[in-house]
Each structure stands twice: as structure tokens, then as C-alpha cells.
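Undergrad:
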Amino acid sequence: MADPPTRPQIGADEWVARSAERSAAGRARTWAEQTPAPIRYGALAVVVTLIALVPVMTSDEYILRVGVVSLIYALLALGLNVSVGLAGLLDLGYVAFYGFGAYGYALLSSSKFGVHWSLWETLPLVLGTSILVGFLLALPSRRLVGDYLAIVTLFFGQIFYTIAVQGYRVPLITFHGTHDITGGPNGIADVDDFRVFGHHLTTNRAYFWFSLIAVVVVFTAIHFLNESRTGRAWRAHRDDPLATELMGMPINWLKLLAIAVGASVGALAGTINAASLHGAFPDDYSTPVLITIYAMVILGGAGSLLGVVLGALTVNILLEVLRTPDHARWILYIAIVVALLAKVRPWRKLAAVLAGTLAFGIAVHAIVAAAWPRGVHGLVSISGTDFSNGGWFGWALRHWLVLPAHTYEEGQYTWFNVALVALIGLVLVLTMVRGWVRWALLVPTLWLAALVWETRLVEEGTGPTRFLLLGAILVVLMAARPQGFLGTHRVEIV
Amino acid sequence: MAPLLELEGVSKAFGGLRVIDNLDLTVGEKEIVSLIGPNGAGKTTVFNLITGVYRVDKGEITLGGDNLVGLSPHRITRRGVARTFQTLRLFLNMSVKENVMAAAYGHTRAGVVRSILRTPGQRREEREIERLAQERLAFFGERLMGYRWNQPAYSLSYANRRRLEIARATATSPRILLLDEPAAGMNPAETAEITQLIAKLRGDGDYAILVIEHDMHVVEGISDRVVALDHGVKIAEGSFDEVATNPRVLEAYLGLRAKEST
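So the protein sequences, as listed, match chains A and B. The first sequence runs 46 to 539 under our numbering. The second sequence runs 269 to 530 under our numbering.
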């Protein structure tokens, strides 16, 4: 990008300090910072109120359930953000605390052992124990940094998962035989609802509000903590551990504290999850969930509280929307067009790529239609919705792509697998070439991507495609904004 | 008068390499001592030994009579030793003010629960260290004032980063300041300014100062006493003029003349 020629004193102290004024994002940030605190908090309160009104406006159980899960993920992201975003500790054992909370609540409030404690008895015990376990985990790893800490904590997470899965045949020395503690792979069912002030929380609506309150309370607590001496010390540790210690801050204690505070938030999310699901199942607390939480924190911007909540809501809602093939289809095409709009400059090049892609598809379609007697107007999808067969978009797709007739009836998927492999190869080549070759190659790549999407991926919407597409969206978003939605661009060495 | 900081027979070896050998060093109350020597003489190692980054092999280090050997670095800082770094180590992604406030950790008390609840005591403490930070930054005049307070530290120029490091070190309420090449990378005008500031630091804060410096104009301008190191051994000590004319110091810096070495 060309700099305006009149910019004075490039590189001077003040020029660097006022860099925010020169970008739209920076101006927005400055504006947000200069808005008086009451207005900012007021705006936040309005947003929270609007979210709180969702259960009033809809009684759709599916939407409410997605809402509950999103809010639980928001809690999880807030907790992980303490160790990862604030203190800069790569804690990969975090999901174990989530599971610890769920199993702790399930064991103390279910018919598994006939123990039915109320929330106010279980919660302090579960949170207290999880803080203790957090300390115990952090104690041997307090001298570890970076990758080494990650390995040890990942190990801890796996131990928890193994115990949960294998815990249905625990040999206790004092008794004969083995005992079922965790229910093994089947987990613990029949977990009690929360009982709060004499009320039974039985509906998704009630859990929605409970989770929302939990998010607000935890958000406020961590915000205050972040603004205190402890939070400053955490952020100092993230930037430079040695200097932190030499400025009088006890880094070992601060690390223990960060992991323990995160652990308690994770455990709180776990209890809500167990109660709202009426069960605790080991696969809800395994490494894929951890990766999802990390994706939320990184996408939202590690270190920014509002950012990670936004990241959690975005990722979880996106994953839900992608479950429906038609929604997923729209998201794919819109995402491609938006990415092209954002990345391809000038507009003449953009127009050329778009027109080229259209023309390429129509040409290939015409050639194949003339040469192949089988017919190339196959169904876009077998999902059976009107969208696939009719509609202008479905019609356009059928006349643009090459979709052999009767494919699904005859089950011939080989061509589509070849197309998928070819697409992957094309994308790889695309990353290696430069200049006009790249723009020329982009045309068949886009067309092939649409073909593979319509023939293969859209059919697996509830399975791998969801995560594939989410991964692609995350890659694109992170390439455009490496610091995440609301994260601050961090400087490591200058 | 008993010295404030005292090193007695301090030795340190990395494997077979003796980096510091039987070093005696004292810094009195409000005294400014310069540590000079060619590259690799062990000057920064002395700082690392005093602040507890490295463990002393042999010998004693005391501050005001209290033993410092074996304490962890943050405890040593709380006893009253603060330092700056030759290779600047600011908390780059925190604001200028927060850099200084973070260093006040040692003399604040509020724990996690009190911080979450924002008790009156915690808020009073926050106000106090904020005032402390402003005061420490004001020491450098207009350089670190105003709009810069809320700027991230990475947006500062090199010279301002050096100043911020000194401000941050003083926020730990030290009795002795260890400055590692405070004038490195500064232009002549800034070097002259930092020379005056170091003298003013002693006057305002009642600190003793141990400073590593290569710029001999700075050393001459500020030092009460100069100690010269070479290969981990103290080769000279005394006033600037005494050390500067000492033949062993000249030899360490410039090497022997061919005629004399034969």
C-alpha cells in the first residue's frame, strides 16, 4: 500500500505512538477507548439484556439448546484465556478441568450412588477441588515453559480422559472385585437438575439464563482481576518471564494462580454442562473439545475478554449453522466471494477472475455435454430440498458444474474422489506459483472447489465437512487478522 | 560507614570457564560506582549474580548486612535491588504506565479475592501505585508524559525505552539500582542527558547506583568510584583518573604494545 507522501517524520517516536490514528481499526479502537466508561458498560449491558431476551422471544428448544452450549463455550473460553491469553501459558490440560467439574457434579448429584446434593453444596466442593487439582497440576510443571508445559498438561488431559473411560472397573484394595465409578464409556446418566433457591432448573430456558448469569459474573471477575496487580503480573509474564521475576513478581506463584483460576472456571462450565445434559460422558471432555476451545480463544483474540466470548459464540453458532447443508452451501459461496472481494485488487483483476470462473464452468459444461451422452444435469444434491432441484441458484449450479446424471442412483463416487484429490493438488500448486499464473490457476481451482463441494462435501454436512469448512474459514480469518477479532497485535521482538 | 552492597570473594564458572573469579566489590549508600571492562569481562554476569539470575559458586553477597545468596530473584528485588537490562526487556505489549505499575507488585498486598471484589483497600492501593507510576514517569520530564502513558511500550523510541526501564526499576522502591549500559545506543545529546539524570536519580531517590557503561564520558561524569574488570578479575579500582591511567586497564582495552610485550 502506498503511503501518503506528506506523512511527517516516519519512524519518529510520536509517529509510532500515533500509529493507531492512521488505520480504520486503530481509529475505532481509539474511539472505543475514549468513550466514557459508563457508556461502554451501558452498551455492554444492553447487549447482555438483548441476549437475555432470546428465550422470551423464541420457545424453539433447538435454538435454546444451541444458546446454552454457546454460553458454556463462552465460559470455557474465558477460563482458558486466563492461562493462555493473560499469563501466556500453553495449557493443554484445560479440558480435564471441564470434565472434572462435570463428573464431580454428576457423582455428587445423580442416582449413580444415590447422592443428591443440591447445587450450593456441590458447587463449592467441585470448584474448590478443581482449584486444588489445578495447583497440583501446575506444581510439577511450574519450572516448565512453552512446549514442555504443553506436553505435560496435554498428558494430564489424556489421563483424565483415560480415567473417565476406564473408571467402570476400578479395583479398590479394601473391597473385592472391581467397582464402577465413572460409568466408563457410557458415562453417568440420570444427573440431577440444578436446584437454586428451591427452584428446579428443568428447561433449556432456565439453563440459558443460568449460563448467561455465569458468563456475566465470570467475565466481570476476570476483568477486575486483569486490571489488578495479579493481572498486570500475568501479562508481564506473558511478555517477559525473566524481567517479571526481576521486577519483584513471584512467577511460580503467578503461574499456579493462572492455571487454578482457569481450572475453576472450566469446572463451573462442566457442572452446567452435566446438569443441562443430565449426564456426563467422556467424549464431551476429550482433546477435540480442547482444540475447539483453543480455536475460539485464538479466533476471538487471546487476551481480550470480549474477544474470546465473541470467538466462542461465533465458532459454536457457525458449527451449528453448518449442520444444515443448504446453510453450509450459502456460507461457502458467500465466504468465497467475500474473500475474493477482500483480497483481489484492483477491481479489474477481481472482475476478470469472477468472469473467468463463470466462463470456465460454462465452457467445460458445454464441452462435456456435447461429448458425453450420459447427461450432465444431475442433481446438485440428494438432500431432497427444493433448493437442490429448483430455484435459480440450483438451476445455475446445474448449468455451470458438470454433474453426471443418475450418479447417486448408481453410486459412482470415484470421479468425485478424483476431483477432491485434484482440488487439493491445485490448492498446493496455487500456494507455490506467483504472478499471473496464480490468477489463471485460481479460475479452475474455484470451479473445482464448487464441484467437489456440491458432489461430496455437502453430503457430509454433519460429519467432517463441518469441521473442514470451519477450518477453512478460520484459516482465512486468521490470515486476514492474525491477532483475532478483538485481539491486539502483539509485538515479540522489536 | 558500612557499605550497602558487598560482594566478597564471589566466583562463578560455566563449565570450565571461570567467568568471575574471587571478586570483591562494594557500593556504599548513595554512592555511584561504575563497572567497566572490555566485552566479555563479566560485567553483566556480576549483575546476574547479584540479582539471583545465576547462582553464586563461592563467596558472599550482602545488602545492608542481609545475605542475598540463594534467594530467588523476586525476593532479592523486594530486598531493594533493582536493575535494568542491556538488551531492553520491557513488557512491550503493556502500556507505559502499566509497565511501571507492574513493578510495584512487591509492595502491594491485594490478593485474587480482594481484586475480584474490588474492596476499598484494593482500590486505594491501585490509586497509590498509579500515583507512584505517574511520579516515576514524571522524573523524565515530558518524555514519558501525557498521551504516552496509555501507549504500548513497543511504540516508544529506543531512548525512551531506556528511560522507561529506569522508571520501571525505580518503581520497585530499591535501595540500589543496577544500570546495565544506560547510554548504549543513544546519541550524544541523549547521552549527556542520561549522565545528568543518573546524578539526579541519586539525589532524588537516595539510591546507590552500580552502573555498567562503555561510554567513558558518562563514566567520568557520574562516577564516585570506578571498578575495572577483565576476564572476571578486578584489575583496578579507584577514581576515574586513577583507573583511566592504570596500565593494566589500558592493556585490557588496547592490548600490549609489541615492544613491551616482548
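Glycine included, every Cβ here is placed at the ideal spot set by N, Cα and C. None of these values were measured; they are calculated from a predicted model.
1) Note down, in chain order, every chain A residue with its Cβ under 7 angstroms from the Cβ of Ala-457 (chain B).
2) Residues of the stretch 460-481 of chain B in Cβ contact with chain A at a cutoff of 7 angstroms, in chain order, please.
3) For His-224 (chain A), does the count of other Cβ atoms within 10 angstroms reach 16, so buried, or fall short, so exposed?
4) Alpha carbon to alpha carbon, what distance is there between Asn-297 (chain A) and Ala-73 (chain A)?
5) Kindly list, in the order they appear in chain B, the residues whose Cβ is closer than 8 angstroms to that of Asp-1 (chain A).
6) At a CB-CB cut-off below 7 angstroms, which residues of chain B make contact with Ala-278 (chain A)?
7) Taking 8 angstroms as the threshold (C-beta atoms), are Leu-299 (chain A) and Ala-266 (chain A) in contact?
8) Which same chain residues, not among the five before or five after Asp-498 (chain B), have their C-beta less than 6 angstroms away from its C-beta?
9) Under 8 angstroms Cβ to Cβ from Ser-340 (chain B), same chain only, skipping five residues before and after it: list those, please.
10) Anything in chain A within Cβ reach of Arg-357 (chain B), meaning under 7 angstroms, just list it in chain order.
11) Taking DSSP as the reference, what is the three-state secondary structure of Ala-77 (chain A)?
12) Excluding the 5 residues preceding and the 5 following Asn-361 (chain B) in the sequence, name in chain order all residues of the same chain whose CB lies nearer than 8 angstroms to its CB.
13) Within the 8 angstroms Cβ cut-off, does Phe-269 (chain A) reach chain E?
14) Should Asn-335 (chain B) be flagged as near chain A, meaning a C-beta pair shorter than 8 angstroms?
15) Determine the closest residue to Arg-430 (chain B) out of B:Ile-466, B:Gln-402, B:Arg-443, B:Thr-440, with distance taken between C-alpha atoms.
16) Please report how far the alpha carbon of Thr-587 (chain A) lies from the alpha carbon of His-282 (chain A), in whole angstroms.
17) In the stretch 363-381 of chain A, which residues sit with their C-beta less than 9 angstroms from some C-beta in chain B, listed in chain order?
18) Taking Asn-126 (chain A) and Ala-485 (chain A) to be in contact with their CB atoms under 8 angstroms, please state how far apart those CB atoms are, rounded to whole angstroms.
19) When DSSP labels each residue in this structure, what does Arg-214 (chain A) get in the three-state scheme?
20) Can you check whether the CB of Gln-354 (chain B) is closer than 8 angstroms to the CB of Thr-313 (chain B)?
21) Here's a check: name, in chain order, each residue in its chain whose Cβ is nearer than 6 angstroms to the Cβ of Met-46 (chain A), leaving out the five neighbours to either side.
22) In whole angstroms, what is the alpha-carbon distance linking Arg-357 (chain B) and Ile-434 (chain B)?
23) Any beta carbon of chain A sitting closer than 8 angstroms to that of Leu-360 (chain B)?
24) If I measure Cβ to Cβ from His-161 (chain A) and keep anything under 7 angstroms in the same chain, skipping five residues before and after, which residues do I get?
25) From what residue to what residue does the alpha helix (DSSP H) around Ile-344 (chain B) run?
26) What are the partner residues of Leu-446 (chain B), as DSSP defines its beta bridges?
27) So, Leu-502 (chain A) versus Leu-487 (chain A), is the Cβ gap smaller than 8 angstroms?
28) Could you tell me whether the stretch 322-331 of chain A touches the stretch 367-374 of chain B, where touching means 3 or more Cβ pairs closer than 8 angstroms?
29) Which two residues bound the contiguous beta strand (DSSP E) that contains Asn-290 (chain B)?
30) Would you report the Cα separation of Arg-347 (chain B) and Ile-318 (chain B), rounded to the nearest angstrom?
31) Between which two residues does the alpha helix (DSSP H) harbouring Lys-326 (chain B) extend?
32) State whether the stretch 440-449 of chain B contacts the stretch 383-399 of chain B, with contact taken as three or more CB pairs (one from each stretch) at a distance under 8 angstroms.
33) For chain A, is any of its Cβ atoms less than 8 angstroms away from the one on His-485 (chain B)?
34) Along the chain, where does the alpha helix (DSSP H) that runs through Ser-186 (chain A) open and close?
35) For chain B, check one thing: does any of its Cβ atoms lie closer than 8 angstroms to the Cβ of Leu-184 (chain A)?
36) So, at 6 angstroms on beta carbons, what are the nonlocal neighbours of Val-140 (chain A) in its own chain, with the 5 sequence-adjacent residues on each side left out?
TA: Let me lay it out:
1) Ordered by position in chain A, no residue passes the 7 angstroms Cβ test against Ala-457 (chain B), which lies about 14 angstroms from the chain.
2) The stretch 460-481 of chain B vs chain A, Cβ under 7 angstroms: nothing.
3) By the neighbour-count criterion, in which 16 or more other beta carbons inside 10 Å mark a residue as buried, His-224 (chain A) falls on the exposed side.
4) Answer to the nearest angstrom: the Cα atoms are 37 angstroms apart.
5) Residue 1 (chain A) cannot be examined here, being either before or after the span of chain A that is shown, 46 to 539.
6) Per Cβ cutoff of 7 angstroms: Ala-370, Tyr-373.
7) Going by C-beta atoms, Ala-266 (chain A) is not nearer than 8 angstroms to Leu-299 (chain A).
8) The residues are Gly-305, Ala-309, Ala-520.
9) Counting only Cβ-Cβ distances below 8 angstroms, and skipping sequence neighbours, we find Gly-320.
10) Against chain A, a Cβ distance below 7 angstroms from Arg-357 (chain B) picks out Asp-285, Leu-287, Ala-288.
11) DSSP places Ala-77 (chain A) in helix when its eight states are reduced to three.
12) In the same chain as Asn-361 (chain B), and ignoring 5 residues on each side of it, the C-beta atoms closer than 8 angstroms to its own belong to Pro-420, Ala-421, Tyr-422, in chain order.
13) Going by chain labels, chain E is absent from the structure shown, which instead holds the protein chains A and B.
14) No, its Cβ sits nowhere closer than 8 angstroms to a Cβ of chain A.
15) That would be B:Ile-466, whose Cα lies nearest to the Cα of Arg-430 (chain B).
16) Limits of chain A in this structure are 46 at one end and 539 at the other, which puts residue 587 (chain A) out of reach.
17) Taking a C-beta cut-off of 9 angstroms against chain B, none of the residues of the stretch 363-381 of chain A qualify.
18) Contact between Asn-126 (chain A) and Ala-485 (chain A) does not hold, since the beta-carbon distance rounds to 43 angstroms and is not under 8 angstroms.
19) In this structure, Arg-214 (chain A) counts as coil in the three-state DSSP scheme.
20) Contact: no.
21) Residue placement at Met-46 (chain A) is flagged as unreliable, the pLDDT there being 43, under the threshold of 50; the coordinate-derived value follows with that caveat. Excluding its 5 nearest sequence neighbours in each direction, Met-46 (chain A) has no C-beta neighbour in its own chain below 6 angstroms.
22) If you draw a straight line from the Cα of Arg-357 (chain B) to the Cα of Ile-434 (chain B), it comes to about 11 angstroms.
23) Closer than 8 angstroms to some Cβ of chain A, the Cβ of Leu-360 (chain B) qualifies, so yes.
24) Cβ within range, chain order: Ser-154, Asp-237.
25) From DSSP, the alpha helix (DSSP H) with Ile-344 (chain B) extends over 341-347.
26) In DSSP, Leu-446 (chain B) forms a bridge with B:Arg-351, B:Leu-478.
27) Between Leu-502 (chain A) and Leu-487 (chain A), the C-beta spacing is not below 8 angstroms.
28) Counting Cβ pairs under 8 angstroms, fewer than three are found: no touch.
29) Segment 285-295, the beta strand (DSSP E) holding Asn-290 (chain B).
30) Cα-Cα distance, rounded: 12 angstroms.
31) According to the DSSP assignment, Lys-326 (chain B) belongs to no alpha helix (DSSP H) but to the beta strand (DSSP E) extending over 326-331.
32) Below 8 angstroms, too few C-beta pairs join the stretch 440-449 of chain B and the stretch 383-399 of chain B to call them touching: fewer than three.
33) False, the Cβ-Cβ gap to chain A never drops below 8 angstroms.
34) Going by DSSP, Ser-186 (chain A) is part of no alpha helix (DSSP H) at all; its letter is neither H nor E.
35) False, the Cβ-Cβ gap to chain B never drops below 8 angstroms.
36) Spatial neighbours of Val-140 (chain A) in its own chain (CB-CB distance under 6 angstroms, excluding positions within 5 residues in sequence) are listed in chain order as Gly-202, Tyr-330, Val-334, Leu-335.
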